[in-house]
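Beneath this line is the structure, given in structure tokens, with notes to follow.
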Amino acid sequence: MTRQPTKAGQSIEELFAHASQMERTTAERYRELADMMSTHNNRELAELFRRMADIEWLHVYNVNALCREMNIDEPPATVRPVGSGEVPDFEDQHYLHRPYHALMLARGYEERARDFYAKLAADAMNEDIRQAALKLAAEEEMHIGELDKWLVRYPKPEAGWDEDLDPPVELE
Amino acid sequence: MVRFSREPIVAQSDNFQVLLALDWQNLGKYAAEFPLSPSSLIIGDPEQGEVPGELLASGARCGQIAMKALAQAIPAGRPNMVALGILGALAGLPAESIDAVLLKTMGHKGDKALAASRAAIQAGWEAAGGLPVLPRLAVPDRKPEGGRWLMTGNEAAGYGAVKGGIRYVAAYPITPATEVLEWMAPALDKIGGTLVQVEDELAAINQIIGASYGGVPSLTATAGPGLALMTESLGLAVASETPIVVVDVMRGGPSTGIPAKSEQSDLNIALYGLHGDAPHLVVAPNSVVDCMFTTQWAVHLAETLQTVALVLSDQALGQARVAGDRPAEVVFPTRREVAAPVTGSGKYQRYAVTPSGVSPMAVPGTAGCQYTADGLEHNPFGTPSSQASDHQAQLDKRQRKLTQYDYGNAWADLEGEGDIAILTWGSCTGAAREAIGRLRATGLKVRLLSLRLLFPVQPEKFAAALQGVKRLLIVEQTHSGQFMRYLRAFYDLPCPVQTLNRPGPLPIRPNEIEAQLAAWSST
Amino acid sequence: MNKDLDSAKTQCPSSAPVYGADDYRSNVKPVWCPGCGDYSVLSAVTNSLAQLQLPPEKVALVSGIGCSSRIPAYTNVYGFHGVHGRALPLATGLKLARPDLTVLAAGGDGDGFSIGGNHFLHACRRNVDLTYIVMDNQVYGMTKGQASPTTAPDWKGSDLTPDGTGINPFHPLVIALAAGANYIARCFSGEQANLSDILCEAILHPGFSVVQILSPCVTFRPEQRQWKNLVRMAPESDPHDMDSAVKRLMHDDGMDIGRALYKGSRPPYRPIRGTPGTFEDLEKEFIL
Chain A
2 MTRQPTKAGQ
12 SIEELFAHAS
22 QMERTTAERY
32 RELADMMSTH
42 NNRELAELFR
52 RMADIEWLHV
62 YNVNALCREM
72 NIDEPPATVR
82 PVGSGEVPDF
92 EDQHYLHRPY
102 HALMLARGYE
112 ERARDFYAKL
122 AADAMNEDIR
132 QAALKLAAEE
142 EMHIGELDKW
152 LVRYPKPEAG
162 WDEDLDPPVE
172 LE
Chain B
91 MVRFSREPIV
101 AQSDNFQVLL
111 ALDWQNLGKY
121 AAEFPLSPSS
131 LIIGDPEQGE
141 VPGELLASGA
151 RCGQIAMKAL
161 AQAIPAGRPN
171 MVALGILGAL
181 AGLPAESIDA
191 VLLKTMGHKG
201 DKALAASRAA
211 IQAGWEAAGG
221 LPVLPRLAVP
231 DRKPEGGRWL
241 MTGNEAAGYG
251 AVKGGIRYVA
261 AYPITPATEV
271 LEWMAPALDK
281 IGGTLVQVED
291 ELAAINQIIG
301 ASYGGVPSLT
311 ATAGPGLALM
321 TESLGLAVAS
331 ETPIVVVDVM
341 RGGPSTGIPA
351 KSEQSDLNIA
361 LYGLHGDAPH
371 LVVAPNSVVD
381 CMFTTQWAVH
391 LAETLQTVAL
401 VLSDQALGQA
411 RVAGDRPAEV
421 VFPTRREVAA
431 PVTGSGKYQR
441 YAVTPSGVSP
451 MAVPGTAGCQ
461 YTADGLEHNP
471 FGTPSSQASD
481 HQAQLDKRQR
491 KLTQYDYGNA
501 WADLEGEGDI
511 AILTWGSCTG
521 AAREAIGRLR
531 ATGLKVRLLS
541 LRLLFPVQPE
551 KFAAALQGVK
561 RLLIVEQTHS
571 GQFMRYLRAF
581 YDLPCPVQTL
591 NRPGPLPIRP
601 NEIEAQLAAW
611 SST
Chain C
7 MNKDLDSAKT
17 QCPSSAPVYG
27 ADDYRSNVKP
37 VWCPGCGDYS
47 VLSAVTNSLA
57 QLQLPPEKVA
67 LVSGIGCSSR
77 IPAYTNVYGF
87 HGVHGRALPL
97 ATGLKLARPD
107 LTVLAAGGDG
117 DGFSIGGNHF
127 LHACRRNVDL
137 TYIVMDNQVY
147 GMTKGQASPT
157 TAPDWKGSDL
167 TPDGTGINPF
177 HPLVIALAAG
187 ANYIARCFSG
197 EQANLSDILC
207 EAILHPGFSV
217 VQILSPCVTF
227 RPEQRQWKNL
237 VRMAPESDPH
247 DMDSAVKRLM
257 HDDGMDIGRA
267 LYKGSRPPYR
277 PIRGTPGTFE
287 DLEKEFIL
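So the protein lines, in turn, are chains A, B and C.
Taking the working numbering, the leading residue of the first sequence gets 2, the next gets one more, and so forth.
Taking the working numbering, the leading residue of the second sequence gets 91, the next gets one more, and so forth.
Taking the working numbering, the leading residue of the third sequence gets 7, the next gets one more, and so forth.
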């Protein structure tokens, strides 16, 4: 239902500020998810999220590279949070998730981001913004491709993956 | 009920020298409780009928004055003013003094009311001439140096609190503590503090914890039922090491009990009422004037030791109004140890395990010291912890800070010598003092030990105070002997012990203590 | 979206902000279940504080008992983790003693509307300048899944009430409005940016602000994972109009989110603060 009013489409600087902040927030979010899974003893997923955080930092770098390509100043880190886009939702997590689940969710988030940029491109008020938005959408499409490759290694788990015969007990 | 004396009054007397009745309603219920003797004088109004037989059985003398008729003969006259005249004459009070007080109290009601009252007082005064003669008070020859004060225990507690530094009060009314709060409301306004009326005792105790956490010394006052409600959050203050003062003006218990009468039966809940091992300060004033000192001391202790200080006053002290010498000026170096702002990489440890057990407390607004105070057991940083070593260390710390502190001489009042001693606390102390004074006049030396600091206990000082004592009388106003049990739990009582305990609502009077000691000492 | 937030931003220097969201986080890792909405709330709170550029040492977060009440330990502001149901009086005492601080109260639906119900009523009524953040998951999570005052009467998921409670749930925002709260909003934890904006508004709005946040408990109410598909943006309406707020709140199904549902203009409660006098003034009344 996200219908956040965003300034992303107002100018090219705003667009890249948004994109950069999005990747940054995603990277931080994966780090938090890694800590969360670590606390809840899902080491496999903690490791996966740490790798995804690293990859997201690469994406930040890529956005900045795109900026330089288009002769735009590197966007500053902003305080204002962005709408969800590709940032993983806390509410989608489950402590017994397997990499398949995390990667499928990530894929969904990237699709969300791609669609956001695609719509922005369609609604763009000038050609520069349209081109930039399309480039960013293409970036996200690439991310989806990478996730698909990864998913090959992780088939869908059997039913009953979320049954826990020894559920967690809170100590403190 | 009023007692006049040339000497400072410390207790209610053994019996009523005068019982003046405007009517005999409700007598049946309370007749047995009137302490009358053959030397007493009962004054009644013939229009209300004969003096009831239950009272005559005491052997008291009688006098009848038609107070209602006398009042009705005066336009706008009232029987209570006639009674005032009678009693003033009987006691030997100077007529000018009565008139001065009348002017002060009733002057604002206008000349007509004033004239009516004066005439009624005069009528009563003259009528008293026909009564059997009573000992009159002689004019005192001693002029007190610092002047004299008139105050109740509740007002004294309020003033002691303000002097101690209390500047935030959360108030929920309850008999007989309400006057502490009502006195403090305008007082805080004058001195630069805040009082807020809250929705219940749970709000009161938690608001003062919040205010104190914010750096402002805070207090509330209540009675038994309110204290019972507060116990959970008292534990929070202990565990989070947040200084607060709670005044409990004790009344008849348990449950709703007897709200307007006194008893000492909240000792148990004050000492033991918190769940878990939650040692905290319990102090008790032993006279009306002592309410001021003890409450001020409680603030100082709570702030210094960062914990709960319960002040156990009672209705007999709280609602008694005493004219006495101006109290001595006391200044405690009240201080809360606060943390300095942290610079550099050091992380502030709110609950650092220090030798004294007291760890500097950061006041919100201090940069670099942000921490979360918690009722959960915690490590020195304040992070919740269920580790055995943290629990042990924090329990030790919270106990050590209390037991290692030097409470000085205020821990108890030790008076007199003798190998027979009275051990008591709170409002029973006055009756004990008066009894001891009388016994001394007969040649019997009695020691008094009245405990002001009930927790933490002071075994060494206690043993020294009772050095050489061969007989010990424990006096308390409870049904189950709460004080006696407390003493047996925490102290050595190395000699034969007798107890004199009775629940409220009737006070323990000097003659009862005198009689028990005299009987014991003669065996 | 609101001139309060915009004006706050203009008060902040346009140079790089001093405080980032991370400056409001401690290094204590939350123990909430993966999937819990409270992670989002924590993130939104720190984002809001960063948007407002409040110095961390001038902010206090006070909570009661429950999963969501754990939040102060995860922040780098001054905090108090109190006892069950008593966050509001703790926060009230702190704010009245220290009006210079920004004081937030937080907790869950059980803590706030069951045992804390009386304090909730009186906090709305008293209208001290506080912001109350309620993470509502319609269950007692910490004690493993009992019905709470906001649970539907036919929820049979608890061993304590296996046939459902059969009792009408509490409508906290209706009560808040009736009792005098000065700012009322509902959000969903999954809409984090929106939540941050609302929190900023709530903090800036004078008086008692209530923000009810639908925050799913995936462990004991796994069906709440569907909330993201059920919530909807509240229709636009003038939040200053009491009558329309009453009508809206009495008839809403609990899924309208994202806007202030009521913005009142009662001045916040400020106790009489005496000017410092002397002890001599106080002693006069005792002197005979």
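For glycine and all other residues, C-beta sits at the position ideal for the given N, C-alpha and C.
None of the values given here were measured: they were computed from a predicted structure.
For E188/A, does the count of other Cβ atoms within 10 angstroms reach 16, so buried, or fall short, so exposed?
Outside the modelled stretch of chain A, which goes from 2 to 173, sits residue 188/A, for which no answer is possible.
Is W161/C helix, strand or coil when you go by DSSP?
Reduced to three states, the DSSP call for W161/C is coil.
Let me check understanding here. Comparing Cα to Cα, which of T284/C, I278/C and P273/C lies closest to R131/C?
Per the Cα distances, P273/C.
Could you tell me whether the Cβ of M37/A comes closer than 7 Å to any Cβ of chain C?
Using beta-carbon distances, M37/A counts as an interface residue toward chain C, with a partner under 7 Å.
Residues that DSSP places opposite A399/B in a beta bridge:
Within the DSSP bridge table, the entry for A399/B names V335/B and L371/B as partners.
Contacts that T473/B makes with chain C (C-beta to C-beta distance below 7 Å)
The answer, in chain order, is V34 and A79.
Here's the rule: buried if 16 or more other CB atoms are within 10 angstroms of the residue's CB, otherwise exposed. What is M91/B?
When all chains shown are included, M91/B counts as exposed.
Going straight from the alpha carbon of L221/B to that of G182/B, what length do you get?
Their Cα atoms are separated by approximately 13 Å.
With distances taken Cα to Cα, identify the nearest neighbour of A374/B among P98/B, D356/B and G363/B.
Ranking the options by Cα distance to A374/B, first place goes to D356/B.
Relative to the C-alpha of A497/B, which candidate in L544/B, A521/B and Y461/B has its C-alpha closest?
Looking at the sequence itself, residue 497/B is Tyr, so the reference to Ala does not match. Of the candidates L544/B, A521/B and Y461/B, the one whose C-alpha sits nearest the C-alpha of Y497/B is L544/B.
Per-residue DSSP class, three states only, for A66/C
Here A66/C sits in strand by DSSP.
For P212/C, would you say it is in contact with chain A, using Cβ-to-Cβ distances shorter than 7 Å as the test?
Chain A contact via Cβ: absent.
Our contact map puts Y249/B next to L294/C with C-beta atoms below 8 Å; I'd like the distance itself, whole angstroms only.
The beta carbons of Y249/B and L294/C sit about 15 Å from each other, so the pair does not count as a contact at 8 Å.
Run the proximity test for V47/C: is its beta-carbon closer than 6 Å to any non-hydrogen atom belonging to the ligand FAD?
Of the ligands one can find in the structure shown there are none, so the ligand FAD has no counterpart to examine.
Beta-carbon neighbours of C206/C, restricted to chain A and to distances below 8 Å:
Correct list: empty, because the minimum Cβ distance to chain A is about 10 Å.
Out of curiosity, what's the CA-to-CA distance linking P23/C and Q59/C?
Cα to Cα, P23/C sits roughly 7 Å from Q59/C.
Go ahead and pull the three-state DSSP assignment for A406/B.
Helix, per DSSP.
Under 7 Å, do T77/B and G85/C count as touching if we go by C-beta distance?
The requested residue 77/B does not occur in the structure, where chain B is confined to residues 91 to 613.
Please report the straight-line C-alpha distance between S120/C and T167/C, rounded to a whole angstrom.
Between the alpha carbons of S120/C and T167/C lies a distance of about 16 Å.
Using a Cβ cut-off of 7 Å (strictly closer), state whether E48/A contacts chain C.
Taking Cβ atoms only, chain C never reaches closer than 7 Å to E48/A, which makes this a no.
Starting from E289/B, find everything on chain C with Cβ-Cβ shorter than 8 Å and list it in chain order.
When 8 Å is used as the limit between beta carbons, E289/B is near these residues of chain C: N124, H125, L127 and H128, in chain order.
Around the Cβ of P19/C, are there at least 16 other Cβ atoms within 10 angstroms (buried) or fewer (exposed)?
Reliability of the predicted coordinates at P19/C is poor, the pLDDT of 42 falling under 50, and the value obtained from them is presented with this limitation in mind. P19/C is exposed by the Cβ-count criterion.
Tell me which residue opens and which closes the beta strand (DSSP E) that S612/B is part of.
Careful: S612/B lies outside any beta strand (DSSP E) and carries neither H nor E.
Which of helix, strand or coil DSSP assigns to V47/C:
Shown here, V47/C sits in a helix according to DSSP, grouped into three states.
Say whether chain C places a C-beta atom closer than 7 Å to the C-beta of T40/A.
Yes, T40/A lies at the interface with chain C (some Cβ there is under 7 Å from its Cβ).
Could you check what DSSP says for A18/A in three-state terms: helix, strand or coil?
Residue state, collapsed to three classes: helix.
Can the beta-carbon of A500/B be found closer than 7 Å to that of R542/B?
Contact flag set, yes.
Of all the beta strand (DSSP E) runs that stay within the bounds of the stretch 80-128 of chain A, which reach a length of 3 or more residues?
Correct list: empty.
Secondary structure of S476/B, DSSP reduced to three states:
DSSP, read as helix, strand or coil, puts S476/B in coil.
Quick one: using the 10 Å Cβ neighbour count with 16 as the cut-off for buried, is N200/C buried or exposed?
N200/C is buried by the Cβ-count criterion.
Would you say P266/B and Q409/B are within 7 Å of each other, going by their C-beta atoms?
Contact: yes.
Have a look at Q11/A and R31/C and give me their C-alpha separation to the nearest angstrom.
Looking at the two C-alpha atoms, the distance is approximately 32 Å.
Using only CA atoms, which one of V372/B, H468/B and L563/B lies nearest to P584/B?
Ranking V372/B, H468/B and L563/B by CA distance to the CA of P584/B puts L563/B first.
Backbone secondary structure at K491/B - three-state DSSP
Annotated three-state conformation of K491/B is helix, per DSSP.
Please list the partners that G314/C has in chain A, where partner means a Cβ-to-Cβ separation under 8 Å.
Chain C is shown from 7 up to 294; residue 314/C falls before or after that span and cannot be answered.
So which residues on chain B does T281/C lean against when the C-beta distance must stay under 8 Å?
Those within 8 Å of T281/C in chain B are G282.
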